[in-house]
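Visitor: The structure under discussion is supplied below as structure tokens; questions concerning it will follow.
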Amino acid sequence: MELSEYKGVMTFAEQVEGKLTNVSLELIGKGRELAKDLDTDVTAVLLGENMDELAQTLIQYGADHVIVADDPELKYYRTEPYTQVLANIVHDEKPEVMLVGATSIGRDLGPRLAGRIHTGLTADCTKLEIDAETKELRMTRPAFGGNLMATILCSDFRPQMATVRPGVMVKEIRDESRTGDVKKYEKAIEKNACFVDIEDVVKITKEKVDIQDAKILVSGGRGMGGPENFKILQDLADALGGEISSSRAAVDAGWAPKDIQVGQTGKTVRPTLYIACGISGAIQHLAGMEESDYIIAINKDAGAPIFNVADVGIVGDLFKIVPKLTEEVKKDRAQNAAQ
Numbered sequence: 007m008e009l010s011e012y013k014g015v016m017t018f019a020e021q022v023e024g025k026l027t028n029v030s031l032e033l034i035g036k037g038r039e040l041a042k043d044l045d046t047d048v049t050a051v052l053l054g055e056n057m058d059e060l061a062q063t064l065i066q067y068g069a070d071h072v073i074v075a076d077d078p079e080l081k082y083y084r085t086e087p088y089t090q091v092l093a094n095i096v097h098d099e100k101p102e103v104m105l106v107g108a109t110s111i112g113r114d115l116g117p118r119l120a121g122r123i124h125t126g127l128t129a130d131c132t133k134l135e136i137d138a139e140t141k142e143l144r145m146t147r148p149a150f151g152g153n154l155m156a157t158i159l160c161s162d163f164r165p166q167m168a169t170v171r172p173g174v175m176v177k178e179i180r181d182e183s184r185t186g187d188v189k190k191y192e193k194a195i196e197k198n199a200c201f202v203d204i205e206d207v208v209k210i211t212k213e214k215v216d217i218q219d220a221k222i223l224v225s226g227g228r229g230m231g232g233p234e235n236f237k238i239l240q241d242l243a244d245a246l247g248g249e250i251s252s253s254r255a256a257v258d259a260g261w262a263p264k265d266i267q268v269g270q271t272g273k274t275v276r277p278t279l280y281i282a283c284g285i286s287g288a289i290q291h292l293a294g295m296e297e298s299d300y301i302i303a304i305n306k307d308a309g310a311p312i313f314n315v316a317d318v319g320i321v322g323d324l325f326k327i328v329p330k331l332t333e334e335v336k337k338d339r340a341q342n343a344a345q
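Every number in this note's numbering is 6 more than the matching position in the sequence shown, counting from 1.
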């Protein structure tokens, strides 16, 4: 393998039922930053059926080139056909960097693709940057349960490959006037013993919004004291039109479900408003929410690290403050409705 043969940044554009995932657009945004440092361009790879419109969307969000594999075999995600097609594309295009979203699909596809093309994979990255001297990709991820951050290099193989957590990177503003080229993948998909057949697709409707999509989050930590006390957070979230979330401590204690955990070992969020209640502000939690637009922290410990990232800090008893805050929000909304 001649490393000098590999050029460009490639991203996997994940779509589900004809809709692009947010992380696919976030990867293009980060890909453009990396490509600028490498003096190269960004290619998005899109797999599915009837993908022409989505290909243009990827260009509008920053892709310079889009490779489309349009085939009925790719309508729904299956490990083998997706791996086969992506491996062929990587072999032909030889990108220097390959990025995949760390979604349920990406976490299945990424390792299989890395094995197929014989390269390394850094999973669940929260930071990517190009080394100014070596021009290698520095891939950073949580290690040892989130207690430290590890930066990993893939010096001897290409592409340098990473899966990236949703919500960590920032997508670019859509520019509908932007142009780029779209190329069709023409190779036939070869069925083999690794194929599975999809007999039925069962859709489960979630009642609650994913916390990564929420504009307002009211989050509770160890200071909540128990699961029953999360009701006051839910009342405030309902009054604000938001969702509740939690720190790892609350999840580990069994007070909150894993799917609402914020932090390095949970989800990374960027809401317009983040209200942290009874959260001390361990570095693992801060990494998952410090990019929120506006942060309000409520904690009885004036020295809690959470106040270092908060726009507004309230020192006091959250069990007195949160209900009063909820009451004021309801009064304000009632007055606005009456006007």
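Cβ atoms here follow ideal geometry from the backbone N, Cα and C, with glycine treated the same way.
Could you work out which residue in E296, I320, Y88 and T109 is closest to A303 when comparing CA atoms only?
Guide: When C-alpha distances from A303 are compared across E296, I320, Y88 and T109, the shortest belongs to I320.
Visitor: Can you tell me the Cβ-Cβ gap for V318 and M295, rounded? I've got them flagged as a contact below 8 Å.
Guide: Not a contact, Cβ separation roughly 15 Å.
Visitor: Taking the alpha helix (DSSP H) that G121 falls in, what are its first and last residues?
Guide: S110 to I123
Visitor: Can you tell me whether A310 is buried or exposed? The criterion is at least 16 other CB atoms within 10 Å of its CB, across all chains shown.
Guide: buried
Visitor: With three or more C-beta pairs closer than 8 Å as the rule, is the segment 125-142 touching the segment 81-93?
Guide: no
Visitor: Can you name, in chain order, every residue of its own chain whose Cβ lies under 8 Å from the Cβ of I350, other than the five neighbours on each side?
Guide: What the structure shows of the chain is the stretch from 7 to 345, and residue 350 is not part of that stretch, so it cannot be assessed.
Visitor: Indicate whether V72 and A50 have their beta-carbon atoms separated by less than 7 Å.
Guide: yes
Visitor: Count the other CB atoms within 10 Å of the CB of Q166; is the residue buried (16 or more) or exposed (fewer)?
Guide: buried
Visitor: So what does DSSP say about T17, is it helix, strand or coil?
Guide: strand
Visitor: How long is the line joining the alpha carbons of A120 and L105, rounded to whole angstroms?
Guide: 11 Å
Visitor: Taking just the CA atoms, how far does V96 sit from S161?
Guide: 18 Å
Visitor: Suppose you measure from the CA of L53 to the CA of Q62; what does that come to, to the nearest Å?
Guide: 14 Å
Visitor: Here's a check: name, in chain order, each residue in its chain whose Cβ is nearer than 6 Å to the Cβ of V257, leaving out the five neighbours to either side.
Guide: Cβ within range, chain order: K264 and Q267.
Visitor: Going by DSSP in three states, P148 sits in which element: helix, strand or coil?
Guide: strand
Visitor: The alpha helix (DSSP H) spanning I238 covers which residue range?
Guide: Segment F236 to L246, the alpha helix (DSSP H) holding I238.
Visitor: Leaving out the 5 sequence neighbours to the left and right, which residues in its chain are closer than 6 Å to F313 when beta-carbon positions are compared?
Guide: A303 and G319
Visitor: For my contact list, K133 and T146 are in at a C-beta cut-off of 8 Å; report their separation, rounded to the angstrom.
Guide: With 8 Å as the limit, K133 and T146 qualify as a contact, their Cβ atoms being about 4 Å apart.
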